[in-house]
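So the mapping is simple: our numbering equals the position in the sequence shown, first residue as 1, plus 112. Even glycine gets a Cβ: it sits at the ideal position worked out from N, Cα and C. To keep things clear, I will list the structure first and then write my remarks on it.
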Amino acid sequence: MLPPLALYVHLPWCVRKCPYCDFNSHPLHHAHLPQDVQARYLAALLADLHLAAEELRGRRIETVFFGGGTPSLFDAANIAQLLHAAERELGLAPDAEITLEANPGTVEAARFCALRSAGVNRLSLGVQSFDDAALARIGRIHDGAQARAALAHAIQTFPRCNVDLIHALPGQTVAGALADVDTALAAGLTHLSCYQLTIEPNTPFAHQPPAALPDHDASADIADALAAHLTQAGFTHYETSAFARAGEECRHNLNYWRFGDYLGIGAGAHSKLTFADGIVRETRPKHPARYLATAQNAPHELRRRTPVRDADLPFEFLMNALRLRAGVPRSLFAERTGLNDDVLAAPLARARALGLLADEDDRLCASARGQAFLNELLALFLPETGAPHG
Ligand SMILES: C[S@@+](CC[C@H](N)C(=O)[O-])C[C@H]1O[C@@H](n2cnc3c(N)ncnc32)[C@H](O)[C@@H]1O
Ligand code: SF4
């Protein structure tokens, strides 16, 4: 049986580039995305979706995620057109989860009602912090008051909302990080993503790190305090960075972690798709200008496809599945990869001997130690190191 199918749509522009961000996002230096750019990009996405859908007929889309960049810069009418196209080309499940990432600026918040009418039923708000000084230190264009106002408006407008917070911010204490979480909880939020600030290569922060970054131990103390606090508040820490009340988990992301299929359209988007003859990965041209030019002049060249070798599947599957703190049923490996799970036997035995796996025969699940040393655990499943020795 084929895995569930999700649709990811990448919208690659932001008002300004944040100095810590290495996502495929491009600064506009302006609060609005010009109508002609929106129109050209929409046409490119529709062509991309139409071509990709030819091979996927008969498969229905279970979840849609508009990610960025700042998707809330797009007019709701364009988002509505994309959802109509998804319905027309492949069909959307009646209960499809449709998430859109938004920045908490006032311009974006003014669009929330129209986005809801367009069909978005889950909003993911990139708040990062509610603290003005912390926001200024990481170069955000909004302040805490705007973030609180946008969150209140989002919770009134959408049936489901997520807030992204970043912790271990310059100068941040445990109390400061907990205050951010408490502000989100007080608004009635049911899903939180808490990312530790990472200094990514080739970002302004990598060239000039901000002052007063918490060290490794201080960052770990903040992360532990956040997890304990949210657990106490009734949230489940269901993935490395994700917390939800029961039933509020992000279905789109769960599909990635359970090695489901996803079609990614838009600049630099990635896909993972299962066909009768195997699993493939696809990428789209990364720069928006090149993506637009290719869509216009040679749409059949939008997709660059690479088959996933059987030897790489154990690592690829577990790299996703072991992020889930409750793991996955062992039977999912064969279901999703088409391989016999005997191929896991030797590395699983080694991982168990090292105390990196929970002691459950019918689940693949990292132990607390395995979660702390996830890279070491995953390395056991790499084709080079994971193959049985003579
Ligand atoms: C692709 S961004 C889109 C969200 C939206 N554009 C925004 O910034 O509000 C998704 C999330 O990744 C997180 N993120 C981006 N860069 C990060 C970094 N260097 N360290 C930690 N989290 C980061 C932020 O929490 C951000 O909200
Ligand atoms: S707004 Fe979001 S996507 Fe855009 S640069 Fe900032 S963190 Fe990156």
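Helix, strand or coil at residue i [DSSP, three-state]
{"i": "Ile253", "result": "coil"}
{"i": "Arg234", "result": "strand"}
{"i": "Lys129", "result": "coil"}
{"i": "Phe493", "result": "coil"}
{"i": "Ala438", "result": "coil"}
{"i": "His196", "result": "helix"}
{"i": "Asp327", "result": "coil"}
{"i": "Asp207", "result": "strand"}
{"i": "Thr182", "result": "coil"}
{"i": "Arg417", "result": "strand"}
{"i": "Glu174", "result": "strand"}
{"i": "Thr348", "result": "strand"}
{"i": "Phe371", "result": "coil"}
{"i": "Glu488", "result": "helix"}
{"i": "Ala358", "result": "coil"}
{"i": "Ala423", "result": "helix"}
{"i": "Pro115", "result": "coil"}
{"i": "Arg223", "result": "coil"}
{"i": "His265", "result": "helix"}
{"i": "Ser229", "result": "helix"}
{"i": "Asn432", "result": "helix"}
{"i": "His399", "result": "coil"}
{"i": "Asn409", "result": "helix"}
{"i": "His459", "result": "A small correction: the amino acid at residue 459 is Pro; His does not occupy that position in the sequence shown. Helix, per DSSP."}
Within 9 Å, strictly: CB atoms of residue i and residue j
{"i": "Arg172", "j": "Asp373", "result": "no"}
{"i": "Leu195", "j": "Ala230", "result": "yes"}
{"i": "Ala337", "j": "Phe355", "result": "no"}
{"i": "Leu163", "j": "Leu414", "result": "yes"}
{"i": "Leu476", "j": "Leu425", "result": "no"}
{"i": "Gly181", "j": "Phe135", "result": "yes"}
{"i": "Pro131", "j": "Thr315", "result": "yes"}
{"i": "Asp422", "j": "Thr449", "result": "yes"}
{"i": "Leu212", "j": "Ser184", "result": "yes"}
{"i": "Thr503", "j": "Val440", "result": "The question about residue 503 has no answer here: the residues shown for the chain are numbered 113 through 502."}
{"i": "Ile267", "j": "Gly288", "result": "no"}
{"i": "Val553", "j": "Leu237", "result": "An answer regarding residue 553 cannot be provided, because it is not within the stretch 113 to 502 covered by the chain."}
{"i": "Asn215", "j": "Phe270", "result": "no"}
{"i": "Phe427", "j": "Leu490", "result": "yes"}
{"i": "Ala208", "j": "Thr175", "result": "yes"}
{"i": "Val239", "j": "Ala262", "result": "yes"}
{"i": "Leu161", "j": "Glu201", "result": "yes"}
{"i": "Ala470", "j": "Ala478", "result": "yes"}
{"i": "Ala381", "j": "Arg402", "result": "no"}
{"i": "Leu375", "j": "Leu117", "result": "yes"}
{"i": "Leu468", "j": "Arg481", "result": "yes"}
{"i": "Ser383", "j": "Tyr120", "result": "yes"}
{"i": "Ala332", "j": "Ala156", "result": "no"}
{"i": "Ala197", "j": "Leu158", "result": "yes"}
{"i": "Arg223", "j": "Ala188", "result": "yes"}
{"i": "Gly251", "j": "Arg128", "result": "yes"}
{"i": "Asn432", "j": "Trp369", "result": "yes"}
Paired residues, beta bridge with residue i - DSSP
{"i": "Asp276", "result": "Gly238 and Ser305"}
{"i": "Ile311", "result": "Paired residues: none, contrary to the question."}
{"i": "Phe317", "result": "Partner(s): none; Phe317 has no beta bridge."}
{"i": "Thr285", "result": "In the DSSP output, where bridge partners are listed per residue, Thr285 has none listed."}
{"i": "Ala478", "result": "Leu469"}
{"i": "Thr386", "result": "Ile391"}
{"i": "Ala214", "result": "Leu237"}
{"i": "Val149", "result": "None, per the DSSP bridge assignment."}
{"i": "Pro139", "result": "Cys126"}
{"i": "Tyr72", "result": "Here the chain has residues from 113 to 502 only, and residue 72 is not among them."}
Rounded Cβ spacing between residue i and residue j (contact assumed at less than 8 Å)
{"i": "Leu492", "j": "Ala463", "result": "5 Å"}
{"i": "Leu281", "j": "Val293", "result": "About 13 Å separates the two Cβ atoms, so there is no contact after all."}
{"i": "Tyr350", "j": "Ala438", "result": "7 Å"}
{"i": "Gly217", "j": "His265", "result": "The pair is not a contact, with the Cβ atoms about 12 Å apart (cut-off 8 Å)."}
{"i": "Leu235", "j": "Ile278", "result": "About 18 Å separates the two Cβ atoms, so there is no contact after all."}
{"i": "Arg260", "j": "Thr285", "result": "The pair is not a contact, with the Cβ atoms about 20 Å apart (cut-off 8 Å)."}
{"i": "Leu460", "j": "Phe445", "result": "Not a contact, Cβ separation roughly 10 Å."}
{"i": "Phe178", "j": "Leu123", "result": "6 Å"}
{"i": "Ile377", "j": "Arg357", "result": "Not really, about 31 Å apart at Cβ, beyond 8 Å."}
{"i": "Arg249", "j": "Pro322", "result": "6 Å"}
{"i": "Phe371", "j": "Phe429", "result": "5 Å"}
{"i": "Pro400", "j": "His144", "result": "Not a contact, Cβ separation roughly 16 Å."}
Cβ-heavy atom distance, residue i to ligand 4, below 8 Å
{"i": "Tyr120", "result": "This structure lacks ligand 4; its bound ligands are ligand 1 and ligand 2."}
CB contact below 9 Å: residue i versus chain D
{"i": "Leu434", "result": "Protein chain content of the structure displayed is limited to a single chain, and chain D is not contained in it."}
Residues with a Cβ closer than 6 Å to any heavy atom of ligand 2, in chain order? Cys126, Lys129, Cys130, Cys133, Phe135, Ser137, Gly180, Gly181, Thr182, Asn215 and Gly238
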